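As numbered in our numbering, residues 121 to 367 make up the sequence shown, in order.
Structure first, then comments.
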Amino acid sequence: MLRGKTAVVTGGTRGIGFAIVKKYLENGAKVVLFGSRKETVDKALSSLRNENPDWEVDGAYPDLSDARNVEEAIEAVKEKFGRIDILVNNAGISDSTKVDNYEQGQFEKVISLNVNSIFYAIRPTVKIMKEQGGGCIINTSSMVSISGQPGGVAYPTSKFAVNGLTLSLARELGPSNIRVNAVAPGITRTDMVAALPKEMIEPMAAAIPLRRIGEPEDVANAFVFLASDMASYVTGEVLSVDGAMRA
Numbered sequence: 121m122l123r124g125k126t127a128v129v130t131g132g133t134r135g136i137g138f139a140i141v142k143k144y145l146e147n148g149a150k151v152v153l154f155g156s157r158k159e160t161v162d163k164a165l166s167s168l169r170n171e172n173p174d175w176e177v178d179g180a181y182p183d184l185s186d187a188r189n190v191e192e193a194i195e196a197v198k199e200k201f202g203r204i205d206i207l208v209n210n211a212g213i214s215d216s217t218k219v220d221n222y223e224q225g226q227f228e229k230v231i232s233l234n235v236n237s238i239f240y241a242i243r244p245t246v247k248i249m250k251e252q253g254g255g256c257i258i259n260t261s262s263m264v265s266i267s268g269q270p271g272g273v274a275y276p277t278s279k280f281a282v283n284g285l286t287l288s289l290a291r292e293l294g295p296s297n298i299r300v301n302a303v304a305p306g307i308t309r310t311d312m313v314a315a316l317p318k319e320m321i322e323p324m325a326a327a328i329p330l331r332r333i334g335e336p337e338d339v340a341n342a343f344v345f346l347a348s349d350m351a352s353y354v355t356g357e358v359l360s361v362d363g364a365m366r367a
């Protein structure tokens, strides 16, 4: 579904991001994954290359809070692969702090990584996509961007912002043949969730109409669809992948 396309995936070393990278490679894309540290990037690359030596995958670890650093990393991808067809902004952090327990700078830190870093990646990538005649951008949102959550207000605030950015850029960039969408995952079996005891996971699953926790692959499949030509007339959407839980 993605043969001949080059993708950049931020937060691509584990969890949903790693599943996206793997699904993209399985579907024929060349992928550059961004991680927070050299060690995690090297570990992810080693795992992928051991699984299939023919996959074209590379990695980098720019500081996503530094606009110039991100721009340089994006330009390096263009220099090596000649184009960027897909940008997945998946890197982010969650939060569950009660409002009266926030420490100085904590709110700003969540907003910076979950919103500002997306803009820092999008701006240089849009320039490349306009020059090559189009592309697609997919942002990771969350089910709490639709309904909020009882605590950790910085996180749903950041994801509401991601939705607004997605819809607005879809309208702005449509004439340049650049599609912009978001995926809003529900509870997903990432490392953090998988480590929870069975007595905590079972009530979570019971509250979901499909009666199961989502798998990273469930979410990654949505990213494959939105990046593919099958979604060539889909833009400005926030696609929920949450088993209809809706928080």
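We put the CB at the ideal spot given by N, CA and C, even for glycine.
Values in this document were obtained by computation on a predicted structure and should not be read as measured data.
Discussion item. If you measure between the beta carbons of residue 362 and residue 263, is that distance less than 8 Å?
Written reply: Yes, they are a contact pair.
Worksheet item: Taking the C-alpha atoms as reference points, what is the distance between residue 322 and residue 335?
Response: Residue 322 and residue 335: Cα-Cα distance of roughly 15 Å.
Discussion item. For residue 183 and residue 127, what's the separation of their Cα atoms in angstroms?
Written reply: Whole-angstrom Cα-Cα distance: 19 Å.
Fill in: For residue 207 and residue 179, believed in contact at Cβ under 8 Å, the rounded distance
Incorrect: roughly 15 Å between the Cβ atoms, too far for contact.
Practice prompt. Per DSSP, which residues does residue 150 bridge with? Please list them.
Written response: Paired residue(s): 126.
Worksheet entry | Pairwise C-alpha distance: residue 256 and residue 142 | 18 Å
Practice prompt. Check whether the Cβ atoms of residue 369 and residue 285 lie closer than 8 Å to each other.
Written response: Nothing about residue 369 can be read from this structure; the chain reaches only from 121 to 367.
Fill in: 4 or more residues per run - each alpha helix (DSSP H) lying fully within the stretch 132–189
For the alpha helix (DSSP H) assignment, the uninterrupted runs of no fewer than 4 residues enclosed by the stretch 132–189 are, from N- to C-terminal side, 135–146 and 158–171.
Worksheet item: Quick one: Cα of residue 270 to Cα of residue 213, how far?
Response: Approximately 17 Å, taken between the alpha carbons.
Worksheet item: Can you list, in chain order, the stretches of the alpha helix (DSSP H) that have 4 or more residues and sit fully within the stretch 256–284?
Response: Those alpha helix (DSSP H) runs which fall completely within the stretch 256–284 and span 4+ residues are 264–267.
Fill in: Identity of the residue in 326, 319, 303 and 204 nearest residue 354 by Cα
303
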